[in-house]
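Plus 644 on top of the position in the sequence shown (first one is 1) and you've got this note's numbering. Positions of the beta carbon are idealized from the N, C-alpha and C atoms, including for glycine.
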Amino acid sequence: MKLTIVEYPDKRLRLKSKEVKNFDKKLHDLLDSMYPIMMNTNGIGLAAIQVAQAIRVLILNIPDEEGEQHQENLLEIINPVISKRAGETVYQEGCLSVPQFYEDIKRHATLTLNYQDREGNTKNLEADGLLAIAIQHEMDHLEGILFIDKLSYARRKKFEKEYKRMQKERKAS
Ligand code: Y12
Ligand code: CO
């Protein structure tokens, strides 16, 4: 499956993703194709809508203490629901769909996640640290929400100006 990353301000990023009902080969092909895209672009998280598939699927590969990513740490998360959330944390986030922009975003520090794996089995996960942040960032994508939506009015205005300029430069080069 040939996939490319959808970048802001593409309107598809605003779609609300639909529940996955069939845990079939099509889903497995999508998951298998999302992984190399995420790894080749130095990503740690990717939602299906970022590759133009509006279904409730996301993948995560959180780096270890040395900053290395290992395939055995890959998490494939389907139809996620957060059942508990607590605390507060701030982290400088980036997004493969909003290239070259990073900003401090406030999130819950810990959470409990219920989800399904690629076979449709129900799973539970207690998350904190970068994993909890990444889950919240990627789950926002399923609702059509981007991290830039959480910026103050003034910061968002500045972002829009900088982003337009940067896009022009990228097109010219
Ligand atoms: C903490 C904060 C954000 C997340 C969501 C997942 N975000 C990413 O995986 C972002 C990746 C990213 C990678 C980039 O590198 C390349 O594209 C080669 C990047 O660089 C540029 O845009 C130039 C920006 C973001 C999880 C946890
Ligand atoms: Co993102």
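Asked, Found
"Give me the Cβ distance between Ile722 and Gln760, rounded to the nearest whole Å; I'm assuming they're in contact under 8 Å.", "4 Å"
"Whole angstroms is fine: what's the gap from Glu737's alpha carbon to Glu782's?", "11 Å"
"Any residue with its Cβ nearer than 6 Å to a heavy atom of ligand 1 should be included. What is that list in chain order?", "Thr685, Asn686, Gly687, Ile688, Gly689, Tyr735, Glu737, Gly738, Cys739, Leu740, Pro743, Gln744, Leu774, Ile777, Ala778, His781"
"Would DSSP call Leu647 helix, strand or coil?", "coil"
"Going along the chain, which residues of its own chain have a beta-carbon closer than 6 Å to the beta-carbon of Gln780, five neighbours each way excluded?", "Arg751"
"Taking Cβ positions, are Gly689 and Ala771 nearer each other than 8 Å?", "no"
"Extract the residue ranges of the beta strand (DSSP E) inside the segment 706-787, only unbroken runs of 3 or more that lie entirely within it.", "719-730, 733-739, 742-751, 754-760, 766-771"
"Per DSSP, which residues does Leu690 bridge with? Please list them.", "Ile703"
"Are the Cβ atoms of Phe791 and Cys739 separated by less than 8 Å?", "yes"
"Taking Gln811 as part of the alpha helix (DSSP H), name the residues at either end of that continuous run.", "797-816"
"Which residues does DSSP list as the beta-bridge partners of Lys662?", "Ile699"
"For Ile789, does the three-state DSSP call read helix, strand or coil?", "coil"
"For a test of your reading of the model: does the CB of His785 fall under 7 Å from any non-hydrogen atom of ligand 2? Yes or no.", "yes"
"Just the Cα atoms here: how many angstroms apart are Glu806 and Gln744?", "10 Å"
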